[in-house]
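Chains as they are written, first to last, in the working numbering: chain H, 28 to 533; chain Z, 44 to 216. The structure appears below as structure tokens.
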Amino acid sequence: MFDGLIAFGHSIWSFCDPLSIGLILLSSLVGVIIGALPGLTATMGVALMTTLTIKMPSNQALLVLICTYVGAIYGGSRSAILLNIPGTPASAASCLDGHALAKQGHAGRAMGIATSGSVLGTLIGMFFLALFTPILGNLALKFGSYEFFWLALFGVIIAGTLTGDDPLKGWIAGLIGIFTAAIGQEAIYAYDRFSFGSRDLAGGFQLVPALVGAFGFAELLMAVRERPAPVKISPFDSVIPKLGDVTKHWRTILRSGVIGTFIGILPGVGEDVAAWSSYAAAKRVSKEKEKFGKGSIDGLMAAETGDNACVPGAVIPVLTLAVPGSAPAAVLMAAMLIHGVRPGPMIMIEAPTFVYDVVAMMMFATIGILIYGLTLTKLLIKVLMVPKPIILPIIFVLCVVGSYAISQRLFDVWVMLGFGVLGYALRRMHYPVAPLVLGMVLGDLMEKGFRRGLVLSDGDLMPFFTRPISAALWITIVLVVLLKVPAVGRGFARLTGKAAAPFSSP
Amino acid sequence: MPNEIHLSSPRRDLAGGVVWTALGCVIVALSWQMDRMTQQGATLHTAPGLWPGIVGTLLAALGGVLMLRSWQRAQRIGWNAAAKDDADYAPQSSFALATVMFFVYALLLVGRGLPFWLSTALFVTTFVFLFQYTLRRAAGKLTRGFAVALACGVLTSLIVTLLFEQLFYVRLP
């Protein structure tokens, strides 16, 4: 325990130099602006910043990425409250009560609630990050090829089930991601798969250009498709959070922080589900249910605490299992690999202090959003007023340069374009994109687990089903899938007396 | 009965199902044709085509389920039934123009001999000017519109070039 505290203290001290402080302030600001601009998401922001920080030392680069990530998730609340447009999908739940409060003339108070909820949510998540990572890291040491195969599959299935309206489409998107991860040389015989004689394809797709395409370029295409709406900003009062709003809703803050962190730990689910789950839980236990959607402070506090608590939560499985808890965390994991950090079960043995470095980065990011939460409102409003035709080409230039910067080859720009078109087509057909990303990130781990497992057992499939952790994972996967089969879902609903959501009813 | 009217019509879902089933079958066929590497001692479970073959099979199967489901829905609500989309869409021509400009910049301007700063300044200036043209013309401020577009183009080009090349030491295309 004290070793952890001492390591945490060292980590904090290591970032207390002028350059790091400057990076924290700058990247938090970039994150808040990206999050506040409708159409630009945290995933896109982290992906673009990954390309910018490629030549930085690893700790500084990851500091920038984590500050951008936390800032973007927080920044989304600003446009949700002021414009009734969620800056990121994570802030969709905040629109309901945040904008209702703004319409009642309490936009400043709503922004104060969002700031306090986000700061406290990140701190709760940070506490669990420091607490659970060593424990989960030790548990992960028991994982072998069989368990990693099921865990990766679990991630894709859960992401497909929870991140969209239609689980069937989510699973299909996940499979496409897994397939794209199989393109290029395979690990055992270095055999070129689906490369059709192309040397570039034989190397496979690099994650960052593919993610910049699937999130950056695809979102630009979606933004171009919609007619720019006139920006109407609600007038606002003081944005300083009120102590009473925090003390009166401490139960909601704690509950939402725990829910957000737990949802973050689930592979691939992410901040939007965390916000909605926290919101739903707050509504369920509230004595003023009728106020939800009409300017409930409890509702806004729950959504904002939940989505920001999810950020440290999503980093826990990245560090311990090399399995991302959300789409932005998938990019963060790719960035760690680029910078020579190997997340996974060995991290508590190979680099135990790195975990505390990440906790310290989260703490500095929290300070960053607190500073901008209290000071940035007028500047943010000016940014929100910048017309879309000016922002879109600039973001596209960054997508092109960012994709090229990783390996300095034009092939990566084509990959970005290709994945952008794929991401756009999937969005148009109402497929979620998060499972595609999870499939791309986890496909390699899944295949290695599957093939190594078969080699170890000499082709026997039984160890995949009989080892205790494997058994728990495959049974969970089967249950998750079965509950989405209409007949099973209806049977379960009859048994529990609740409405189920089978995949015939997106 | 759950709400049957989704944003995606049965016809569109059927088309998606056909595409995924076809793609899955192609993946399976290509995986089957891959070298089994038996000369290097590979067995069935280490053959390079095994994993993509499984993924292709699952993709084809789920595509089939999507086709079947869309057919069942179509029997109940018709092939074209879809929920009304609230979004306010720009004209198709704007979307097509923007997409063409993105592709021209990324495929034909960048890395094809033209200096990066020049291609970027050209792209951003043209994009901003064209997409604000209607508004600027209606306001009678075309010259000002061009000046704003040019300023955006030059500044973007300058800042991105300096940021990547001078600060982060990244070679630009």
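In this text, a Cβ means the ideal position worked out from N, Cα and C, and glycines have one as well.
CA-CA distance, residue i and residue j?
| i | j | result |
| --- | --- | --- |
| R521/H | S51/Z | 28 Å |
| I290/H | G297/H | 7 Å |
| N330/H | V385/H | According to the sequence displayed, residue 330/H carries Ala and not Asn. Straight-line Cα distance between these residues: approximately 24 Å. |
| K405/H | L510/H | 48 Å |
| I280/H | T332/H | 6 Å |
| V534/H | Y101/H | Coverage of chain H is limited to positions 28 through 533, which leaves residue 534/H absent and any answer about it impossible. |
| S121/H | M83/H | 35 Å |
| L346/H | W277/H | 29 Å |
| A241/H | V464/H | 8 Å |
| C68/Z | I203/H | 13 Å |
| F381/H | G516/H | 43 Å |
| I51/H | I267/H | 22 Å |
| P134/Z | V251/H | 10 Å |
| Q76/Z | G99/Z | 13 Å |
| F172/Z | A432/H | 28 Å |
| A149/Z | L449/H | 17 Å |
| L403/H | V73/H | 21 Å |
| F491/H | K169/H | 14 Å |
| P45/Z | R116/Z | Below a pLDDT of 50, predicted positions are generally treated as unreliable, and P45/Z, at 48, falls in that range; the measurement from the model is reported next regardless. Spanning the two alpha carbons is a distance of roughly 11 Å. |
Just the chain H side, please: which residues come within less than 8 Å of residue i by C-beta, in chain order?
| i | result |
| --- | --- |
| V171/Z | P416, I417, P420 |
| T81/Z | Per Cβ cutoff of 8 Å: no residues; T81/Z is ~11 Å from chain H at best. |
| W160/Z | Within chain H, no residue comes near W160/Z; the closest Cβ sits about 11 Å away, beyond 8 Å. |
| R55/Z | M456 |
Starting from the beta carbon of residue i, find every residue of chain H whose beta carbon is closer than 7 Å, and list them in chain order.
| i | result |
| --- | --- |
| C195/Z | I417 |
| I70/Z | F206 |
| G154/Z | L437 |
| W63/Z | I199 |
| A126/Z | Residues of chain H passing the Cβ test: none, with the nearest at roughly 10 Å. |
For residue i, which three-state DSSP category applies?
| i | result |
| --- | --- |
| R54/Z | helix |
| R220/H | strand |
| G211/H | strand |
| Y458/H | coil |
| E315/H | coil |
| A527/H | Reliability of the predicted coordinates at A527/H is poor, the pLDDT of 47 falling under 50, and the value obtained from them is presented with this limitation in mind. Note: A527/H maps to coil in three-state DSSP. |
| S532/H | Residue confidence is low: S532/H scores 37 on pLDDT, short of 50, so the model does not pin down where it sits. Its coordinate-derived value is still stated next. Coil. |
Counting only Cβ pairs nearer than 8 Å, list the residues of chain Z close to residue i.
| i | result |
| --- | --- |
| W198/H | L105 |
| V482/H | H88, T89 |
| V251/H | A133, S137, F138, A141, T142 |
| G486/H | T86, L87, H88 |
Over what stretch of residues does the alpha helix (DSSP H) that includes residue i continue unbroken?
| i | result |
| --- | --- |
| I33/H | 29–41 |
| Y132/Z | Premise fails: Y132/Z is in no alpha helix (DSSP H) and is neither H nor E. |
| P344/H | 324–348 |
| Y96/H | 85–110 |
| P161/H | 134–167 |
| Y176/Z | 159–181 |
| A237/H | 234–238 |
| Y431/H | 415–434 |
| V508/H | 495–510 |
| D487/H | Run containing D487/H: none; DSSP gives neither H nor E here. |
| F176/H | 172–189 |
| M375/H | 374–377 |
| W114/Z | 93–120 |
| M77/Z | Element bounds for M77/Z: n/a, residue is neither H nor E. |
What does residue i reach in chain H if we use C-beta pairs closer than 9 Å?
| i | result |
| --- | --- |
| Q209/Z | None at all; the shortest Cβ gap to chain H is about 12 Å. |
| F146/Z | L444 |
| G121/Z | Within 9 Å Cβ-Cβ: nothing; G121/Z doesn't reach chain H, min ~16 Å. |
| L73/Z | R220, F221 |
Using a Cβ cut-off of 9 Å, pull out every chain Z residue sitting near residue i, in sequence order please.
| i | result |
| --- | --- |
| R478/H | H88, T89, L93, W94 |
| I81/H | F211, V213 |
Find the residues of chain Z that neighbour residue i, judging by a C-beta separation of less than 7 Å, and give them in chain order.
| i | result |
| --- | --- |
| L248/H | T142 |
| L506/H | Here the premise fails: no neighbours, minimum Cβ distance about 18 Å. |
| L202/H | V98, L101, L102, L105 |
Hey, is residue i close to the ligand ADP, as in C-beta under 6 Å from one of its heavy atoms?
| i | result |
| --- | --- |
| L364/H | Absent from the structure shown: the ligand ADP. Ligands present: none. |
Item to check | chain Z contacts from the region 207–236 of chain H (Cβ-Cβ distance under 7 Å) | outcome: A209, E213, I215, Y216, Y218, R220, F221
Next on the checklist: Closer than 9 Å between beta carbons: that is the criterion. Which residues of the region 92–118 of chain Z meet it against chain H?
Outcome noted: G92, L93, W94, P95, I97, V98, G99, L101, L102, L105, G106, V108, L109, R112, Q115, R116
Item to check | chain Z contacts from the region 462–478 of chain H (Cβ-Cβ distance under 7 Å) | outcome: E474, F477, R478
Next on the checklist: Under 8 Å, CB to CB, which of the residues in the region 422–442 of chain H have a partner in chain Z?
Outcome noted: Cβ contacts with chain Z come from F423, V424, L425, V427, V428, Y431, A432, Q435, L437, V440, W441.
Checklist entry - When you check each C-beta in the region 173–206 of chain Z against every C-beta of chain H, which residues fall closer than 7 Å? => result F174, Q175, C195, T199, V203
Next on the checklist: What are the residues in the region 169–195 of chain H lying within 8 Å of chain Z by C-beta distance?
Outcome noted: D192, D193, L195
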